[in-house]
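Chains as they are written, first to last, in the working numbering: chain G, 1484 to 2064; chain E, 25 to 169. Yeah, the Cβ is synthetic: ideal placement off N, Cα and C, and Gly gets one too. Encoded as structure tokens, the structure appears first; notes follow it.
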Amino acid sequence: MAIYNFWTSQGFIKTSELIKYNWSSGSSQSGIEVNFSELNKYPLPDYSNYTWALPNTPITASNTFKLFGFNRGSDTFEVRLAIINRNDNYNGYRVYDIDVILTKNGSGIRCDTFEPLNTTQVLINRTIARPFTHFYITYGVSSSYSYGTRAIYDYNVHTINNNGTNFSAPYGSFSIGIGCNMNTNNIFQNSSSPSSNGTRIINKTIYIVSGYTSSYTNISEYDTLLEWYFGKNVKYVGDDNISTPGGGFGTGDSSTDDNPIPDTSDTTDFEATNIIMNGSGLFTTHIMDTNSIAQLVHKLWDTSISAALEKLLGSKPLDVIISLKRLPITISSSATRNIYLGTSNTEINTPIVTNQYITVNCGTLYPKEYWGNALDYSPSTKFYLYMPFVGIKSINPDWFQNKEITIKYIIDVLSGDFTCFLQQGETTDTIHQNVVATYTGNCAMQYPLSASDYSGMFIAGMSVIKGGAAGAAIGGAAGAVLGAATSAANTLTMKPTYDMSGSYNANMGFCGVMKPYIIIERPIQSLPDKIEKYVGFPSNIVSILSSLTGFTKVQDINLSVNCTLDEKNEIESLLKRGVII
Amino acid sequence: MAIAVKLYKTSDPTNKITKTLANEISLTGTLKDSVDILNPQILISTSTNLSKYNYMYIADLGRYYYVKFEIVKSGLWLLTGRCDVLYTYKTEILANKAVIERQENQYNMYLNDDIFKTYNKTNIVAKNFPHGFTRNGSYLMTVLG
């Protein structure tokens, strides 16, 4: 038996989690409560509790269990309820699939009848919503609880005005009900009758009146609610009516499988590594500013100090300076220290770096589906990421569509080397942020401290320029990609060699865009209006044809019709070409 | 062989299972020669102009037909039927279960499909992440000692 999730006041729950209702034969106090939503906006309708209908005679073989709908007053809508399926072998429970159909321009009462015989256990299991009708109702069991000695069911009814127009009625927008022995008098006991909403007894028949007039002007609400019922938020398992994943060996639901790698991910996040620098006596990294640099240069070129240092160190004072560089991040520190050149105190006091690694969190973006169909995924949609000091990278949109995408850098301030982490996470799950890609590079702009340093850097820089990448590898990337010019794109997406050599080619990164961005290339859909009426949309379901309406194209059928072979072949051929039901 | 026919007008598409039939008239004709029940031919003598009808039901054959007319001579019509298997076996057809490839109302738009046609041009957007690097940054000097 398929397990369905459907919306309840507690959120989506599975029918298997429902408490089954014991429709006890002989009981005079079993009943069903009908619970109407108040047509509030998506996604969380408020629920109004209406009084319950109580059959005061037991359900027996001679009694009839009816679902009914009623069109009230001057409404121009027909509510029709029908039991379309039942299953007597579901753990001893009789299961009803209830189809709620609302069509406009109807009138009067339509009843569909089913006799439960001596069934003692009844479970209203499933609702089929009909989006093609004027209204849209889902009807299902959400929970059961006891009221005194009575077992009571909750039902949820969602309605949406499909075409965005108002509808109204003198006594309420529509009526819908569920009960027993409707044809017999005194079947239902009356309970309270609110002035506008609730249970009413008219001619011995109980009507549950919504008493609500709705107005929906934004059709997207309808689409959104439709998605809740038929989209990704409703998971069907083993159902004939939807495509199921997998190769036929699993259910596609790790919660029911003993799967060592379930649907939910472990967190593969990282932690910033705080390796304490300094204090070793080997080196010290000072956080400089232009003023302190100027002071230091003055000291270095002071001949008396320079001579003293050279005499003391046996080498030039510049030799004690391992590196001078600029990193594209603001580093602050409360620890300070005078700059020592060897053992000589320059008496220039600056903050010093205490942690070797610094994390730069560039934040999170949430790419959302644009068309709400297969076009939102590869190969139709393309995602590119520009990351400073890395360049533009193509990433898989299937991984990030409707999910979070986060970029973090961890930078070694000693060398300027970094690892850029690309994280993916569910927007509804702030815990599982998984690293799915990494890039490495260097973001330190090295400054020459001697003529030989400068010469080396110049030669290396020129070699990059000769390679044709230097000017374009770092900035203005989006414009060229937008133009889709291959040559420009190649140039723009070409990385400098700094991520391989880890050297001063990173200097050029400072000329580029300093903030990462995502580039999304979306297809522009051309979808003729109402094309589904002519060729249908992809379906891939198994269904009884009578439960469908509109254009239907059959893929496979074991046709059972009492006719001639020629007729059977023609019917099959027509069904496979597409018919209108 | 005399046979009763009912003629109708219908404007429904031929691939619609349930047809809406209107303007029913009942006539009696003669089956021509041997009967192909899928494509029967019937001679009808009537002064009624039958050319505006396009649908026929023959109770004796239990089938609905699309029909075309030939005027054999004044007042004598030759009706040639072509069985509409969809409407004739409507109830039995609809009771069948099938794998549905395409449907107007029960669909899954995430299935890849040729129906999703696109322009050759594309729409490209760029969106900045909230944070990034700073161009000025920090100067770091590492010295021995």
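By the criterion of a C-beta distance shorter than 7 Å, K2016/G is surrounded in its chain by G2033, F2034, once the five residues flanking it on both sides are discounted. Under the three-state reduction of DSSP output, N2052/G falls in the helix class. Judged by DSSP in its simplified three-state form, Y2017/G adopts helix. For T1773/G, the enclosing alpha helix (DSSP H) begins and ends at 1773-1783. When rounded, the separation of the alpha-carbon atoms in D1772/G and R1809/G is 10 Å. One alpha carbon belongs to R159/E, the other to K1891/G, and they sit about 17 Å apart. For the stretch 2027-2049 of chain G, residues whose beta-carbon sits nearer than 9 Å to a beta-carbon of chain E comprise I2027, L2028, S2029, S2030, L2031, T2032, G2033, F2034, T2035, K2036, V2037, Q2038, D2039, I2040, N2041, L2042, S2043, V2044, N2045, C2046, T2047, D2049. The criterion of a C-beta distance shorter than 7 Å is satisfied by I41/E and K114/E. According to the DSSP assignment, L110/E belongs to the alpha helix (DSSP H) that extends over 109-112. With fewer than 16 other CB atoms across the displayed protein chains lying within 10 angstroms of its CB, I95/E is exposed. With a threshold of 7 Å between beta carbons, R106/E makes no contact with chain G. Put simply, the CB of E116/E is near chain G, with a gap under 7 Å to one of its CB atoms. Residue contact with chain E for F1904/G: absent (no Cβ-Cβ distance below 7 Å to any residue of chain E). For D2039/G, the enclosing beta strand (DSSP E) covers residues 2034-2040.
Between E2050/G and V109/E a beta carbon distance of about 5 Å is seen, short of the 8 Å cut, so the two are scored as contacting. Chain-order list of chain E residues neighbouring L2057/G: N39, V109, L110, by C-beta distance under 8 Å. Restricting attention to Y1860/G, D1859/G, K1876/G, the CA atom closest to the CA of Y1867/G is found in K1876/G.
Within the same chain, and ignoring the five residues on either side of I1878/G in sequence, the residues whose Cβ sits closer than 6 Å to its Cβ are F1866, L1868.
In the three-state scheme derived from DSSP, where H, G and I count as helix and E and B as strand, V1803/G is classed as helix. For the pair V2018/G and I1888/G, the Cα-to-Cα distance works out to about 37 Å.
CA-to-CA, the gap between A46/E and M80/E works out to about 11 Å. DSSP places W101/E within a strand segment (E or B) once states are collapsed to three.
The beta carbon of L1807/G sits closer than 7 Å to those of Y1930, L1932, all from its chain and outside the five residues before and after it, given in chain order. Annotation: Cβ neighbours of V2025/G in chain E (cutoff 8 Å, chain order): K121, A122, V123, I124.
Taking a beta-carbon distance threshold of 7 Å, V2062/G counts as an interface residue toward chain E. Taking C-beta atoms as the reference points, T38/E and I2007/G fail to come closer than 7 Å. Neighbours of L62/E in chain G, taken as residues whose beta carbon is under 8 Å from its own, are T2047, D2049, E2050 in chain order. In this structure Y90/E is in contact with N78/E, their Cβ atoms being roughly 6 Å apart against a cut-off of 8 Å. Listed along the chain, the chain G residues whose CB falls inside 7 Å of the CB of E94/E amount to none; the nearest CB is some 24 Å away. Taking 7 Å as the threshold, the shortest C-beta distance from R2005/G to chain E falls below it. Between the stretch 2023-2043 of chain G and the stretch 52-59 of chain E there are fewer than three C-beta pairs closer than 8 Å, too few to call the two in contact.
Think of a sphere of 7 Å around the beta carbon of N147/E: the chain G residues whose beta carbon falls inside it are R2005, I2007, in chain order.
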